[in-house]
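A.B. asks: Pasting a structure below so you can have a look.
There are 2 protein chains.
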Amino acid sequence: MSEPSTKRVTIAAVARRAGVSPSAVSHVFNGRPNVSEATAARIRAAADELNWRPNLASRKVSGGGGRSLGLVIARSRGTFGRDPFFMRLLAGLTEPLAELGWSLSLTLVRPDEDEEQLYRQWWGEQRVDAFLLVDVRDDDPRLALVEQLGAPAALLGAPVPGPVASVTVGDGTAFAEAVEHLAGLGHRSVTRVTDAPGLAHTRARDERFREAALTRGVRAEVAAWDKAADDPVADLLGRLGESTAIIVDSETVAAEIVAHAPEVGVRVPDQLSVIAWEDSWVSTIVRPRLTAFDAPVEESARAAVALLERLVRGEDAAPQTVSGRRLLVRESTAPAPNNREESP
Amino acid sequence: MSEPSTKRVTIAAVARRAGVSPSAVSHVFNGRPNVSEATAARIRAAADELNWRPNLASRKVSGGGGRSLGLVIARSRGTFGRDPFFMRLLAGLTEPLAELGWSLSLTLVRPDEDEEQLYRQWWGEQRVDAFLLVDVRDDDPRLALVEQLGAPAALLGAPVPGPVASVTVGDGTAFAEAVEHLAGLGHRSVTRVTDAPGLAHTRARDERFREAALTRGVRAEVAAWDKAADDPVADLLGRLGESTAIIVDSETVAAEIVAHAPEVGVRVPDQLSVIAWEDSWVSTIVRPRLTAFDAPVEESARAAVALLERLVRGEDAAPQTVSGRRLLVRESTAPAPNNREESP
DNA sequence: TTGTAGGCGTTATCAA
DNA sequence: TTGATAACGCCTACAA
Numbered sequence: 005m006s007e008p009s010t011k012r013v014t015i016a017a018v019a020r021r022a023g024v025s026p027s028a029v030s031h032v033f034n035g036r037p038n039v040s041e042a043t044a045a046r047i048r049a050a051a052d053e054l055n056w057r058p059n060l061a062s063r064k065v066s067g068g069g070g071r072s073l074g075l076v077i078a079r080s081r082g083t084f085g086r087d088p089f090f091m092r093l094l095a096g097l098t099e100p101l102a103e104l105g106w107s108l109s110l111t112l113v114r115p116d117e118d119e120e121q122l123y124r125q126w127w128g129e130q131r132v133d134a135f136l137l138v139d140v141r142d143d144d145p146r147l148a149l150v151e152q153l154g155a156p157a158a159l160l161g162a163p164v165p166g167p168v169a170s171v172t173v174g175d176g177t178a179f180a181e182a183v184e185h186l187a188g189l190g191h192r193s194v195t196r197v198t199d200a201p202g203l204a205h206t207r208a209r210d211e212r213f214r215e216a217a218l219t220r221g222v223r224a225e226v227a228a229w230d231k232a233a234d235d236p237v238a239d240l241l242g243r244l245g246e247s248t249a250i251i252v253d254s255e256t257v258a259a260e261i262v263a264h265a266p267e268v269g270v271r272v273p274d275q276l277s278v279i280a281w282e283d284s285w286v287s288t289i290v291r292p293r294l295t296a297f298d299a300p301v302e303e304s305a306r307a308a309v310a311l312l313e314r315l316v317r318g319e320d321a322a323p324q325t326v327s328g329r330r331l332l333v334r335e336s337t338a339p340a341p342n343n344r345e346e347s348p
Numbered sequence: 005m006s007e008p009s010t011k012r013v014t015i016a017a018v019a020r021r022a023g024v025s026p027s028a029v030s031h032v033f034n035g036r037p038n039v040s041e042a043t044a045a046r047i048r049a050a051a052d053e054l055n056w057r058p059n060l061a062s063r064k065v066s067g068g069g070g071r072s073l074g075l076v077i078a079r080s081r082g083t084f085g086r087d088p089f090f091m092r093l094l095a096g097l098t099e100p101l102a103e104l105g106w107s108l109s110l111t112l113v114r115p116d117e118d119e120e121q122l123y124r125q126w127w128g129e130q131r132v133d134a135f136l137l138v139d140v141r142d143d144d145p146r147l148a149l150v151e152q153l154g155a156p157a158a159l160l161g162a163p164v165p166g167p168v169a170s171v172t173v174g175d176g177t178a179f180a181e182a183v184e185h186l187a188g189l190g191h192r193s194v195t196r197v198t199d200a201p202g203l204a205h206t207r208a209r210d211e212r213f214r215e216a217a218l219t220r221g222v223r224a225e226v227a228a229w230d231k232a233a234d235d236p237v238a239d240l241l242g243r244l245g246e247s248t249a250i251i252v253d254s255e256t257v258a259a260e261i262v263a264h265a266p267e268v269g270v271r272v273p274d275q276l277s278v279i280a281w282e283d284s285w286v287s288t289i290v291r292p293r294l295t296a297f298d299a300p301v302e303e304s305a306r307a308a309v310a311l312l313e314r315l316v317r318g319e320d321a322a323p324q325t326v327s328g329r330r331l332l333v334r335e336s337t338a339p340a341p342n343n344r345e346e347s348p
């Protein structure tokens with residue numbers, strides 16, 4: 005294997021080859037204006053020939069660039085893997101990150117593990133320079149933690165009280181739209197199905213939903229998805245009361261409901277209309293295809309990166325709202341069944 | 005919040021607090037045996053109180069630990085996002101990586117971008133210490149590239165000629181099993197549906213498939229999935245000839261076929277049996293549920309990490325085969341239709 | 001068992 | 001416009 009790692013090429017080698025001092029090379033590669041165009045060109049050529057690039061670790065040590073974003077996802081492999089949202093998030097993160105030259109450091113921790121420890125570690129090691137917080141819960145200890153550490157951080161989701169900046173997808177008119185759509189189809193009672201109850205955005209959404217329903221004369225209920233139940237779909241459907249339509253926080257759950265409902269005797273959309281609060285390709289491979297809200301995940305990712313970049317530079321950054329949630333009407337919503345009318 | 009970022013705490017601070025020299029601290033944190041248990045405890049206590057951890061960048065500069073694995077995925081956001089395999093891969097990677105204290109640096113590049121450039125950059129910057137190669141194609145330029153760079157690398161998928169180590173999921177008996185299963189159901193002609201034609205494992209699989217079919221008196225065909233077609237499913241089904249069963253490389257494609265086939269007049273599994281070569285939760289939310297091969301993705305990920313770790317330490321590592329692909333019979337396979345029997 | 005000194009590759013400061 | 005020189009925070013000989 006011909007000893008490939010003879011010696012790593014350094015800035016000194018480039019300097020020697022260009023007949024200048026290391027600092028000149030540094031200047032050129034950091035866009036400082038005090039180098040003549042001629043020598044700059046010579047330096048760049050030398051670097052190219054040697055295929056040299058500034059060592060990231062060294063830059064970090066000497067205070068320079070080389071930033072990296074930490075994303076810690078506290079989910080089991082299973083619940084991570086079955087949420088297409090994360091694919092979109094990751095994909096959306098990489099592009100703006102690449103533009104900045106930042107790395108993305110990703111890890112999963114099991115929900116029962118001590119994730120705070122990990123934040124401490126990554127920050128302490130200076131492995132990352134900022135955190136993106138997802139799945140933020142009410143009273144999430146990470147909020148105080150990043151504050152205490154002094155780590156730049158932003159959360160994706162509903163804003164929470166406190167100084168941690170947030171990037172929110174503007175739900176402004178979404179519930180109104182959804183309820184409007186359903187009311188137009190004759191539904192008089194709608195249940196909102198929440199996935200993980202503790203999440204910070206749940207309460208805000210509940211309120212919006214209730215408000216939207218109220219002003220349209222639609223009855224609003226809320227039910228929690230119980231994944232621990234023997235047959236979660238049957239369990240949920242059994243708790244629906246008079247509702248003829250549901251709005252489901254999680255797309256995965258919506259897909260499961262739509263797929264499984266017929267097998268427990270409920271036809272979608274004939275007997276039950278279903279709207280998913282998130283959208284991905286999954287919505288189109290279940291039958292009936294899911295009527296869903298397409299959220300601007302990629303844009304949120306970009307906004308979050310931009311926000312964190314500002315924070316890292318020491319500027320302070322205001323909370324961001326990204327708008328663009330739009331209802332994609334597909335096949336899982338239909339006129340309300342008449343036969344439910346008499347039901348108490 | 006009491007000025008948190010006054011000054012980053014360093015090894016010197018810890019040393020001072022413990023009343024020792026910096027090197028003593030270093031020794032303790034690098035597991036060297038030349039420190040008495042008493043002072044080691046004192047040092048650890050001091051580090052704890054100061055909440056200090058060795059700066060990763062500094063360790064890297066001074067040749068120490070702090071490794072990081074590079075994963076560059078050359079896919080569009082869309083094709084990345086709709087492949088559950090990557091979720092499993094990422095999830096599977098994080099655990100062994102965390103055990104080693106390695107970071108995972110992830111990025112997506114568009115297929116038309118110069119991905120080699122990125123490998124060069126990451127390696128040159130020493131942003132990563134090893135690469136994991138996925139979606140390896142015949143004659144993949146990255147193989148020569150990592151060799152030239154002297155970068156430790158391993159590929160996930162079929163072994164390729166050359167010195168780059170590979171982690172392969174042993175397909176040994178998988179095709180035999182699949183064909184056996186289908187032959188047992190009366191199928192006499194089976195088509196293998198390939199996703200991306202250039203991938204390195206395609207040819208190997210083709211051969212295995214043909215062989216397995218031959219020895220069981222089943223006719224073997226191969227057809228490529230044409231995602232550019234107006235209606236890819238209809239297009240594919242139109243090219244199936246006598247085949248009453250298909251084995252589909254990509255789970256996503258299989259899901260799409262199963263979902264869409266009835267809409268173009270083909271009932272699954274009555275008229276067509278479908279087997280997916282990969283498995284994830286998606287297999288269970290389409291109807292009929294997909295009969296699929298469950299591949300040990302997490303184990304492969306772990307094997308790849310272990311292999312790369314050895315490579316980085318300078319040991320050389322043999323190609324690995326991870327076994328455990330097993331057929332999960334669900335609802336998308338059924339007895340072959342009779343009406344096809346008369347056909348020669 | 002502990003501490004000192006030098007080096008890792010880069011950036012920043014300041015003099016030439 | 002350039003180039004010494006001193007950090008940056010840690011690790012590893014080697015000396016005490």
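Line order of the protein sequences matches chains A and B. Counting in this note's numbering, the first sequence runs from 5 upward without gaps. Counting in this note's numbering, the second sequence runs from 5 upward without gaps. All C-beta atoms in this analysis are idealised placements derived from N, C-alpha and C, irrespective of residue type, glycine included. All figures in this text were calculated on a predicted structure; none of them were measured in a lab.
If you measure between the beta carbons of residue 305 (chain B) and residue 159 (chain B), is that distance less than 8 Å?
C.D. replies: No, the Cβ-Cβ distance between residue 305 (chain B) and residue 159 (chain B) is not below 8 Å.
A.B. asks: Looking at the strands, I want to know which residues DSSP matches up with residue 295 (chain A).
C.D. replies: Answer is A:279.
A.B. asks: In whole angstroms, what is the alpha-carbon distance linking residue 249 (chain A) and residue 189 (chain A)?
C.D. replies: So the two alpha carbons sit approximately 10 Å from each other.
A.B. asks: Under 8 Å, with one C-beta from each stretch per pair, do the region 74 to 82 of chain B and the region 62 to 78 of chain A reach the 3-pair mark?
C.D. replies: The region 74 to 82 of chain B vs the region 62 to 78 of chain A: no contact.
A.B. asks: Pair every Cβ in the region 255 to 265 of chain B with every Cβ in the region 279 to 297 of chain A, then say whether three or more of these pairs are closer than 8 Å.
C.D. replies: Enough Cβ pairs lie closer than 8 Å, so yes.
A.B. asks: In the DSSP assignment, what are the bridge partners of residue 74 (chain B)?
C.D. replies: Residue 74 (chain B) pairs with B:109 and B:135.
A.B. asks: Quick one: Cα of residue 23 (chain A) to Cα of residue 12 (chain A), how far?
C.D. replies: Looking at the two C-alpha atoms, the distance is approximately 19 Å.
A.B. asks: Look at the Cβ atom of residue 310 (chain B), then the Cβ atom of residue 169 (chain B), and state whether they are nearer than 8 Å.
C.D. replies: No, the pair does not count as a contact, with Cβ atoms beyond the cut-off.
A.B. asks: Report the partner residues of residue 125 (chain A) according to the DSSP bridge assignment.
C.D. replies: None, per the DSSP bridge assignment.
A.B. asks: On a CA-only basis, which of A:15, A:35 and A:61 is nearest residue 353 (chain A)? Give me that one, please.
C.D. replies: Outside the displayed span of chain A (5 to 348) sits residue 353 (chain A), for which this structure offers no information.
A.B. asks: Under the three-state reduction of DSSP, which class applies to residue 206 (chain B): helix, strand or coil?
C.D. replies: Helix at residue 206 (chain B).
A.B. asks: Hey, how far is the Cα of residue 41 (chain A) from the Cα of residue 34 (chain A)?
C.D. replies: If you take the alpha carbons of residue 41 (chain A) and residue 34 (chain A), they lie about 14 Å apart.
A.B. asks: Strictly below 8 Å CB to CB, what residues from chain A border residue 130 (chain B)?
C.D. replies: Per Cβ cutoff of 8 Å: 12, 59, 60 and 61.
A.B. asks: Which residues of the region 64 to 76 of chain A have a Cβ closer than 7 Å to any Cβ of chain B? Give them in chain order.
C.D. replies: Listed by position along the chain: 64 and 65.
A.B. asks: Considering only C-alpha positions, which residue in the set B:257, B:194 and B:60 is nearest to residue 222 (chain B)?
C.D. replies: With distances taken between Cα atoms, residue 222 (chain B) lies closest to B:194.
A.B. asks: Does residue 260 (chain B) get closer than 8 Å to chain A when you measure Cβ to Cβ?
C.D. replies: Chain A, which has a Cβ nearer than 8 Å to the Cβ of residue 260 (chain B), makes this yes.
A.B. asks: Could you tell me which chain A residues have their CB closer than 9 Å to the CB of residue 85 (chain B), listed as they occur along the chain?
C.D. replies: 88, 91, 92, 94, 95, 284 and 285, listed in chain order.
A.B. asks: Under 7 Å Cβ to Cβ from residue 349 (chain A), same chain only, skipping five residues before and after it: list those, please.
C.D. replies: Because chain A in this structure spans residues 5 to 348, residue 349 (chain A) falls outside the shown range and cannot be described.
A.B. asks: Who are the near neighbours of residue 259 (chain B) in its chain, counting only those whose CB is closer than 8 Å to its CB and skipping five residues on each side?
C.D. replies: Here the set comprises 280, 286, 287, 290 and 294.
A.B. asks: Excluding the five sequence neighbours on either side, which residues of its own chain have a C-beta within less than 8 Å of the C-beta of residue 268 (chain A), listed in chain order?
C.D. replies: Excluding positions up to five away in sequence, the list reads 235, 237, 238 and 241.
A.B. asks: Helix, strand or coil: which one does DSSP assign to residue 331 (chain B)?
C.D. replies: If DSSP states are grouped into helix, strand and coil, residue 331 (chain B) belongs with the strands.
A.B. asks: By the criterion of Cβ-Cβ separation under 8 Å, what are the contact partners of residue 55 (chain B) in chain A?
C.D. replies: Simply 124 and 128.
A.B. asks: Anything in chain A within Cβ reach of residue 349 (chain B), meaning under 9 Å, just list it in chain order.
C.D. replies: For residue 349 (chain B) there is no data in the structure shown, the boundaries of chain B being 5 and 348.
A.B. asks: Give me the Cα-Cα distance between residue 332 (chain B) and residue 296 (chain B), rounded to the nearest whole angstrom.
C.D. replies: If you take the alpha carbons of residue 332 (chain B) and residue 296 (chain B), they lie about 5 Å apart.
A.B. asks: Can you list, in chain order, the residues of its chain with a C-beta nearer than 8 Å to that of residue 131 (chain A)? Leave out the 5 residues immediately preceding and following it.
C.D. replies: Correct list, in chain order: 72, 74, 109 and 125.
A.B. asks: Would you mind stating whether residue 56 (chain A) and residue 128 (chain B) have Cβ atoms separated by less than 8 Å?
C.D. replies: Yes, the Cβ-Cβ distance between residue 56 (chain A) and residue 128 (chain B) is below 8 Å.
A.B. asks: So, using beta-carbon positions, are residue 165 (chain A) and residue 151 (chain A) closer together than 8 Å?
C.D. replies: No. Outside cutoff.
A.B. asks: Hey, how far is the Cα of residue 25 (chain B) from the Cα of residue 90 (chain B)?
C.D. replies: Whole-angstrom Cα-Cα distance: 47 Å.
A.B. asks: With C-beta atoms as the reference, is residue 208 (chain A) less than 8 Å away from residue 162 (chain A)?
C.D. replies: It is a contact, given that the beta carbons lie within the stated cut-off.
A.B. asks: Leaving out five residues on either side along the sequence, give the residues of the same chain with a beta carbon under 6 Å from the beta carbon of residue 60 (chain B).
C.D. replies: Hits under 6 Å: 70.
A.B. asks: Which residue's Cα is closest to the Cα of residue 251 (chain B): B:282, B:270 and B:115?
C.D. replies: Per the Cα distances, B:282.
A.B. asks: Return the CA-CA distance between residue 138 (chain B) and residue 205 (chain B), expressed in angstroms with no decimal places.
C.D. replies: Spanning the two alpha carbons is a distance of roughly 11 Å.
A.B. asks: Closer than 7 Å, Cβ to any Cβ of chain A: which residues of the region 318 to 335 of chain B, in chain order?
C.D. replies: Flagged: no residues at all.
A.B. asks: Below 8 Å between beta carbons: does that hold for residue 226 (chain A) and residue 210 (chain A)?
C.D. replies: Yes, these two residues count as a Cβ contact at 8 Å.
A.B. asks: For a contact meaning CB atoms closer than 7 Å, what does residue 146 (chain B) contact in chain A?
C.D. replies: The contacting residues do not exist; residue 146 (chain B) stays about 15 Å from chain A at best.
A.B. asks: Take the Cβ of residue 224 (chain B) as the centre, count every other Cβ of all protein chains shown within 10 Å, and call the residue buried at 16 or more, exposed below.
C.D. replies: Buried is the call here.
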